[in-house]
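In our numbering, the protein residues as written are -6 to 276.
We put the beta carbon where it would ideally sit given N, CA and C, even for glycine.
This structure is a prediction, so every number in the text was calculated from the model and none was measured.
Heads up, the thing below is written out as C-alpha cells.
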Amino acid sequence: MKPNLLDVDNVSKTFAGRGLFSRRMKRAVRNVSFSLDADRPEVFTIIGESGSGKSTLASMILNTARPTGGSIRFEGRDLAHIRSRRDRVAFMSRVQAIFQNPFDAFNPLKPVDRYLYTAAEVFSGCRTKEARETRVDDALHKVGLSLAEVSGRFPHEMSGGQLQRIAIARALVSSPSLIVADEPVSMIDASLRMTVINLFRMLRDDLGVSIIYITHDLATAYYISDRLIIMQTGEVVEAGDARQVLAAPRHPYSIRLREAVLSVDGAWRGTGLDAEAIQPSLR
C-alpha cells in the first residue's frame, strides 16, 4: 500500500521556560494530527494568531525542529531517522519552504540568480552551467518570470512581489512534492497578494504539488484552501473542509476569528475575492 505524502501523528512540542531558574515548560504544540494523501494534491491550511503554534508546527514538518512527542512521516519515513547529510538533502529536495519576508530570504549583497543556481546544483544534480540555466529558467517561467529578467539583479532592485515569486521558483527548482509556505503574503503589497495566492493554485492544479499554507488571514484561506485546521495555543480547535468550516465555524475561537473579517456570506460568495478589502487584524 502506498504511504501518505505526510503523516503528522499526535505531535507535540515543549520548550523550557526562559530565565536561569525557571522550571516552567511551555507546550507550543499539543497533540496535532493530520495527513496529506500522496495521490491528491491539495492546499492544506493552518490558521491561527501569533503564538498559536502554527510556525512551530511548520518547523517540525520541515525537520528543522524535532517533536517532543508524536511523530512526523514523509512518504512513510519518520523524520527522526533523517540524520545524514545525504538524507537531509534528499528530503529537502522533496520538501521546500517559502517564508514570510522575501527580503530576509536573500542576501542583499548577492544576485538573486545565485540562489537559484545553487538549488539547481545541490537539489537537482545539475552539474553543467547549461543544465543549471535550463532548470532555473524553467522554474522562473512557472511563476511568470524568466532568467533574462532576474539574471545579475540584486534584491533591492526588485519588488517584494517579484522576490516572493523568485523564492517560489527556487522552491520549484528541485520539483518538490510538498511546499510549506509560512505567512507567504503578509509582507507584500495587498495588490500583489493574489498573484502569489493564485500561483499556489497553479502549483496544486497543474504541477501536482501539495501546499501547507500557514496564515492568520481567513480571507485568503477561504479562497485557496481545500482543508484546514484552526489552532489556538498549540491545539487544533477545529478542522475539516475549508469552506464548510469558515462558513459555519463551531468553536468559539473560530467564530471570533471569523468575526474579525467581513461576513463569508456577503464578502466571499462565488470565486471573487477583494484582497484589499478583506483583511483581518489578528496579530
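No Cβ-Cβ contact shorter than 8 angstroms links Ile222 with Tyr246. DSSP places Asp106 in the uninterrupted alpha helix (DSSP H) bounded by Val105 to Ser117. Assigned with DSSP and collapsed to three states, Arg220 falls in strand. For Gly63, no alpha helix (DSSP H) run applies; the uninterrupted beta strand (DSSP E) run containing it begins and ends at Gly62 to Phe67, by DSSP. Non-local C-beta neighbours of Gln157 in its own chain, meaning closer than 6 angstroms and more than five positions away in sequence, comprise Pro95, Ile181 and Val189, ordered along the chain. Between the region 202 to 213 and the region 28 to 46, the count of C-beta pairs closer than 8 angstroms reaches three or more; the two stretches touch. Taking 4 residues as the minimum length, the alpha helix (DSSP H) runs contained wholly in the region 131 to 192 are 140 to 143 and 153 to 165, in order along the chain.
Using a 10 angstroms sphere on the CB of Pro(-4), the tally of other CB atoms stays under 16, which defines it as exposed. In this model, Ala31 and Leu185 are separated by some 30 angstroms (Cα to Cα). A residue is called buried once 16 or more other Cβ atoms fall within 10 Å of its Cβ, and Leu102, having fewer, is exposed.
For Ser52, the three-state secondary structure derived from DSSP is helix. Taken atom to atom, the span from the alpha-carbon of His244 to that of Tyr216 is near 21 angstroms. Gln225 counts as buried, since no fewer than 16 other beta carbons sit within 10 angstroms of its beta carbon. The DSSP-derived three-state label of Phe84 is helix.
Across the structure, Met18 and Ala113 are spaced so that their CA atoms are roughly 41 angstroms apart. Phe99 places its beta carbon 8 angstroms or farther from that of Asp175. When rounded, the separation of the alpha-carbon atoms in Gly145 and Pro104 is 5 angstroms. Taking Arg163 as reference, the option from Ala141, Val1 and Lys135 with the minimal CA-CA separation is Lys135. Taking one beta carbon from each stretch, the region 58 to 67 and the region -3 to 8 have 3 or more pairs nearer than 8 angstroms; the two touch.
In this structure Phe116 is buried. Its beta-carbon is surrounded by 16 or more other beta-carbon atoms within 10 angstroms. Here Ile207 is near Ala51, since their CB atoms are less than 8 angstroms apart.
Straight-line measurement puts the Cα of Leu165 at about 27 angstroms from the Cα of Gly41.
Just so you know, the alpha carbons of Val178 and Met151 end up roughly 16 angstroms apart. Judged by beta-carbon spacing, Val129 lies within the 8 angstroms limit of Leu109, meaning their Cβ atoms are closer than that value. Nearest Cα to Asp106 within the set Gly118, Asp80 and Leu133: Leu133. A Cβ-Cβ separation of about 17 angstroms leaves Val25 out of contact with Val88 under the 8 angstroms criterion.
If you draw a straight line from the Cα of Ile65 to the Cα of Ile54, it comes to about 7 angstroms. When secondary structure is reduced to three states using DSSP, Thr208 falls in the strand class. For Leu171, the closest of Arg33, Thr127 and Leu140 by C-alpha to C-alpha distance is Arg33.
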